[in-house]
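Residue numbers (the working numbering), protein chains in the order written: chain A, -18 to 247; chain B, 135 to 400. We put the CB at the ideal spot given by N, CA and C, even for glycine. Note that the structure is a prediction, hence the values are computed from the model and not measured. Structure record follows, encoded as structure tokens.
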Amino acid sequence: MSKKPKYVPKRTPKIGSFSFVCLVAIGAIILSSIGDVAPSPQRIFEGIPRLTNLLGRMLPPNMEEEFIFRMFWVLIETMEIAIAGTFIGIFLSLPIAWFSAKGISPLGPFRWLIRGVVSLCRTIPDLVWALIFVSTVGLGAVAGTMTIVVDTLGFCGRFFAEAFEDTDPKAKQAIRTIGGNQWNIISSAIIPEAMPSLINTSLYALERAIRSSVVLGLVGAGGIGQELKVAFDLFQYKNASAIILAIFVIVMAMETLTDWLRKKVS
Amino acid sequence: MADFVPNEIDARFFRERASKHLAINVSGISKRYGAKQILTDINIQISEGERVALIGPNGAGKSTLLKCLVGQEIFDHGEIATLGTSLRAKQPVALLKNLRRSVGFVFQTHSLVGRLSALSNVVHGFMGERGSWRASTHHLAPYSWRLKALRSLGDVQLQDFCEQRVDELSGGQAQRVAIARAMVRDPRLLIADEPSASLDPAAGEDIMKLFSDLSQKNQTTLLFTTHDIQHARSYSDRIIALQQGKVFWTGPSNLFDPDLSAALFR
Ligand SMILES: Nc1ncnc2c1ncn2[C@@H]1O[C@H](COP(=O)(O)OP(=O)(O)OP(=O)(O)O)[C@@H](O)[C@H]1O
Ligand SMILES: [Mg+2]
């Protein structure tokens, strides 16, 4: 038997007075927020008849051949916005991630500039970007695609950079010791090691893009959202329900596809 | 004790070797990490073609010293000349292409790119050559590099595993891939940090024999660390023993006796 240890760490962490004040404050914020804006049971109860009324007017969804055919092409356009936007966004994210990753960026401390731009792309919501692009390049799908590009840039730019930073420093060190330069390190150690993460992030970016391309039309940036807005504005609820159904099918299909791809990759 | 007595021939052999060109000349180097002194006033001369074993307890500073020799770590005082390239104190870690081209380095932790095949990892050994972007993976590498890499893998009995991913190899197999990578360019100086540590006894012997043969055949200078005193005695001409960052003992391998061993590892 060895000697008894001098010090045994406590099971329960001690809580200081500052932490205690913080906890109380957080609790107060949560409670008062719920009190101010969460729906009261009464409001929900009163809403039920109106909801059933709306559902009644929506069903059955419009299944006229001519309408379905037109929606089909709008849906294709929506997917195109998502796919083109994601692809361009991923493509641009790679150099941006390289320039902003710690320990890899050739910019040294100036990589924070790139980081800042990426954060800007990410923190401004996609609908706001869509509004900006609609007023710069005009109504339609191009504005939508640009929105998706910027949105993907904000998302992939950050996570690609993290994937690059997370690669095993030992392998990089070894390539350097053998005589490799920065490019060699990127192509032979960083990219291969980060690949699963890059692919996962890209697939997730595609899912996000599909979801946001569906609503971009609400502000005039092309795609199925525009049709949805028109249907609601003109009280064509049967058209609206058909469109919602289509969106549901398309999003589900894409998620199944990306899930399957993810499994294939790992 | 009888077989530890120096014999005439060995002593002469050692002197002859020492009179030739120096592969490594370490004069008075010191290094500290923060407040901790790691290496203190180390002086080491290693001739070309010599086989030297560096031994000592855990934390003695063996790995650190080896890294200093190839300019992978900065040191605070003194000077090092490795294969004629001089490294000065506090000199930032540099590319040193010429030096790295003629040195093979086996790291204590194998430092391979796990997601790439064994063959690709060995091809990485050509980094720093002209057109080294083609060394990123074996798919891009020129025929001659692929061929040499395969031979090198053959030398460590891993030709059958050349297309297997390194993270799907056993620890010892991966270690042998790292050895193959270090040997692929026929280095003039081979530095190996515990090359046999994760190998089974037979494979360990094989690797040490391989190193010895190589040094005999090509006049490769060999510097390796090991915790296996038997390996150190049988596969080196000279032993350098480090203890707490200082040279504790150095001399012909057959003079390293159990008493010295006991004092070194006390
Ligand atoms: N990056 C580092 N930062 C701080 N201290 C370090 C660092 N690397 C090594 N050390 C310290 O330097 C000392 C020497 O380490 P080194 O790896 O050279 O020992 P070693 O002789 O190779 O030991 P082992 O036989 O266990 O491999 C150790 O005390 C270790 O804690
Ligand atoms: Mg070590």
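Please report the straight-line C-alpha distance between Lys244 (chain A) and Leu184 (chain A), rounded to a whole angstrom. 11 Å
Cβ atoms of His258 (chain B) and Gln309 (chain B): under 8 Å apart, would you say? no
Confirm, please, whether the CB-CB distance from Ala326 (chain B) to Val247 (chain B) is below 8 Å. no
Residue from B:Pro335, B:Gln293 and B:Gln242 with nearest C-alpha to Asn192 (chain B): Selection B:Pro335, B:Gln293 and B:Gln242 evaluated against Asn192 (chain B) yields B:Gln242 as nearest (Cα-Cα).
By a C-beta neighbour count over all protein chains shown, 10 Å radius and 16 as the cutoff for buried, is Asp294 (chain B) buried or exposed? In summary, Asp294 (chain B) is exposed, with fewer than 16 beta-carbon neighbours lying within 10 Å of its beta-carbon over all protein chains present.
Would you grab the beta carbon distance between Pro329 (chain B) and Gly238 (chain B) for me? Rounded to a whole angstrom, and I think it's under 8 Å. At roughly 11 Å, the Cβ-Cβ gap does not stay under 8 Å, so Pro329 (chain B) and Gly238 (chain B) are not in contact.
Please check the pair Ala252 (chain B) and Leu292 (chain B), which I expect to be a contact at CB under 8 Å, by giving their CB distance rounded to whole angstroms. 6 Å
May I have the straight-line CA-CA distance separating Leu389 (chain B) from Ala275 (chain B), to the nearest angstrom? 46 Å
Count the other C-beta atoms from every protein chain shown that fall within 10 angstroms of the C-beta of Gln174 (chain A), then say buried if there are 16 or more, exposed otherwise. First, the residue type needs correcting, since residue 174 (chain A) is Glu and not Gln in the sequence shown. The residue in question, Glu174 (chain A), is buried, as its Cβ has 16 or more Cβ neighbours within 10 Å.
I need the boundaries of the alpha helix (DSSP H) containing Pro386 (chain B), first residue and last residue. It is not in any alpha helix (DSSP H) - Pro386 (chain B) instead sits in the beta strand (DSSP E) that spans Lys380 to Pro386.
Listing by chain order, which chain B residues have their CB less than 8 Å from the CB of Trp79 (chain A)? By Cβ distance, chain B contributes nothing, its closest Cβ being about 15 Å from Trp79 (chain A), past 8 Å.
Can you tell me where the alpha helix (DSSP H) holding Ala19 (chain A) begins and where it ends? Note, Ala19 (chain A): premise wrong, no alpha helix (DSSP H); not H, not E.
With a cut-off of 8 Å, does the C-beta of Glu174 (chain A) fall near any C-beta of chain B? Answer yes: the Cβ-Cβ gap between Glu174 (chain A) and chain B drops below 8 Å somewhere.
First and last residue of the uninterrupted beta strand (DSSP E) at Gln171 (chain B): Lys170 to Ser181
Can you check which of these residues, B:Ala366, B:Met261 and B:Ser270, is closest to Met317 (chain B) by C-alpha distance? B:Met261
Neighbour list for Leu246 (chain B) in chain A, Cβ cutoff strictly below 8 Å: Those are Ala152 and Ala155, listed as they occur along chain A.
Which same chain residues, not among the five before or five after Ile156 (chain A), have their C-beta less than 7 Å away from its C-beta? For Ile156 (chain A), where only same-chain residues beyond five positions count, the Cβ hits under 7 Å are Asn165, Ile166, Ser169 and Ala170.
Using 8 Å as the threshold, is the region 81 to 100 of chain A in touch with the region 142 to 150 of chain A, meaning 3 or more CB pairs across them? The region 142 to 150 of chain A and the region 81 to 100 of chain A touch, with three or more beta-carbon pairs separated by less than 8 Å.
Using a cut-off of 7 Å between C-beta atoms, extract the partners of Thr158 (chain A) located in chain B. Those are Val204, Gln206, Arg234 and Phe239, listed as they occur along chain B.
Relative to chain A, which residues along the region 364 to 398 of chain B have a C-beta separation below 7 Å, given in chain order? Listed by position, the residues of the region 364 to 398 of chain B near chain A (Cβ gap below 7 Å) amount to none.
Using a Cβ-Cβ cut-off of 8 Å, state whether Ala170 (chain A) counts as contacting chain B. yes
In chain order, what residues of the same chain lie with their CB nearer than 8 Å to the CB of Gly212 (chain B), ignoring the 5 residues before and after it? Val160, Ser161, Gly162, Ile163, Ser164, Asp175, Ile176 and Ala223
Entirely within the region 84 to 139 of chain A and at least 4 residues each: give me those alpha helix (DSSP H) ranges in chain order. 92 to 104 and 107 to 118
Cβ pair Gly135 (chain A), Val99 (chain A) closer than 8 Å: yes
Bridge partner(s) assigned by DSSP for Ser164 (chain B): B:His211
Should Asn352 (chain B) be labelled buried (16 or more other beta-carbon atoms within 10 Å of its own) or exposed? exposed
Who are Ser220 (chain B)'s beta bridge partners in DSSP? Under DSSP, Ser220 (chain B) forms a beta bridge with B:Ala215.
With burial defined as no fewer than 16 other Cβ atoms inside 10 Å of the residue's Cβ, what is the status of Glu46 (chain A): buried or exposed? exposed
Excluding five sequence neighbours on each side, which residues of the same chain lie with their C-beta closer than 6 Å to the C-beta of Ala152 (chain A)? Ala170
Spatially closest choice to Gln163 (chain A) from B:Ile374, B:Asn255, B:Thr355 and B:Lys231, by CA coordinates: Closest option to Gln163 (chain A), Cα to Cα, is B:Lys231.
Measuring straight from C-alpha to C-alpha, what distance separates Leu356 (chain B) and Leu344 (chain B)? Roughly 11 Å separates the two Cα atoms.
Could you tell me whether any non-hydrogen atom of ligand 2 is closer than 7 Å to the CB of Gln206 (chain B)? no
Three-state secondary structure (DSSP) of Glu150 (chain B): Unreliable positioning characterises Glu150 (chain B) in this predicted model, as indicated by a pLDDT of 49, which lies under 50. The coordinate reading is nonetheless provided below. The three-state reading of DSSP puts Glu150 (chain B) in helix, counting H, G and I together.
At a cut-off of 7 Å, is Lys196 (chain B) close to ligand 1 when judged by its beta-carbon and the heavy atoms of the ligand? Yes - ligand 1 has a heavy atom lying nearer than 7 Å to the Cβ of Lys196 (chain B).
Which word fits Leu199 (chain B), buried or exposed, when buried means at least 16 other C-beta atoms lie within 10 angstroms of its C-beta? Under this definition Leu199 (chain B) is a buried residue.
Nearest-angstrom Cβ-Cβ length linking Leu217 (chain B) and Gly205 (chain B), presumed shorter than 8 Å: The Cβ separation is near 11 Å, so there is no contact.
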